[in-house]
Each structure stands twice: as structure tokens, then as C-alpha cells.
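Numbering (the working numbering), first residue to last: 8 to 134.
Here's the structure, in C-alpha cells; my notes come after.
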Amino acid sequence: MERVCLDCGAKLLGRSDKKFCSDQCRNNYNNRLNRDQNNYVRNVHAQLRRNRRILSDLFDDGHHRIHRDALIAQGYNFTFFTHLVETKEGLRWSYCFEYGFRESGKGYLELQKSSNYLEIEPEADEA
Ligand SMILES: [Zn+2]
């Protein structure tokens, strides 16, 4: 059976366990694998950034109560958030970075911006 380079498809000569015709092709192949895995992380980050921008634009424009459909219409995706905070009073806030919202009835959300980071434990080596 003819063996070919996994990257460029060139015919392979020599050792039977060879998969690539050159180091360049091995690098291309491995970079492509990494890129596919990194794409997942990049896409999640992109959605989180979009969510944050939507919340920050609204909040900074003075909208502190908004219907969830208005967020969705702007491309907000409720699947992606960074953390949840439950207050002593039992209110559940869903955060996208420093911007949070909670259900306030009939599809409306109350927005707030957190100015403290107390709920986030600092990394041990930064303490
Ligand atoms: Zn090749």
C-alpha cells in the first residue's frame, strides 16, 4: 500500500512508520490539530466578550432593567456566563465578568455592575 504524508499527501519513502515527508509537514499537521482545539476556547471567549459588551453598553447607558428578549435580539447568549452569586437574601445573580443580572419577573432582568472582587479568591501566589 502506498503511504503518503498526512499533511501534503506526498508519497513517503523509507521507514514504514514515517507519517510525514518533512519536519515542516509534521509542524503544519500538529499546528492544525492545536488550532481546532483552540478554536473551541476562542469561540467561547468571543461569546463571553460579546455578552459582556451588550451588558456594559446597556448598563453604562443607564438601562438597569431590561427584557431578556432585548438582550437576545442583540446577540446575547444566556448559555455563557462567568459565575453565579447568591446573596444572603437568596437572590441569584448571573455574571458575565463584572456585569450581573437577575430575574425580576415577566422576562425582565435587573442589571448591576460589581465593583468588588471579594467573591473571587485570589490565586495563592498572588496573595
Ligand atoms: Zn509532506
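C-beta: ideal position from N, C-alpha, C; glycine also.
Measuring straight from C-alpha to C-alpha, what distance separates residue i and residue j?
{"i": "L20", "j": "Q44", "result": "31 angstroms"}
{"i": "R33", "j": "Y106", "result": "44 angstroms"}
{"i": "I79", "j": "A17", "result": "49 angstroms"}
{"i": "T94", "j": "K120", "result": "15 angstroms"}
{"i": "E96", "j": "R42", "result": "45 angstroms"}
{"i": "D24", "j": "D30", "result": "15 angstroms"}
{"i": "H90", "j": "N46", "result": "22 angstroms"}
Using only alpha-carbon positions, find the residue among the options that is nearest to residue i.
{"i": "G82", "options": "H90, E105, Y106 and R56", "result": "R56"}
{"i": "C28", "options": "V11, E93 and N50", "result": "V11"}
{"i": "R59", "options": "G112, Y47, R42 and Y102", "result": "Y102"}
{"i": "H52", "options": "F88, V92 and S23", "result": "F88"}
{"i": "F85", "options": "Q54, N46 and N38", "result": "Q54"}
Got a sec? Which residues, its chain only, sit under 7 angstroms from residue i by beta carbon, not counting five neighbours each side?
{"i": "L65", "result": "I73 and L118"}
{"i": "R75", "result": "G114 and L116"}
{"i": "S63", "result": "Y106"}
{"i": "S111", "result": "R72 and E117"}
Could you check how far apart the C-beta atoms of residue i and residue j are, in whole angstroms? I think they sit under 8 angstroms.
{"i": "Y36", "j": "D14", "result": "5 angstroms"}
{"i": "L116", "j": "F108", "result": "4 angstroms"}
Grab me the residues of residue i's own chain with a C-beta within less than 8 angstroms of its C-beta, minus the 5 sequence neighbours each way, in chain order.
{"i": "H70", "result": "L118"}
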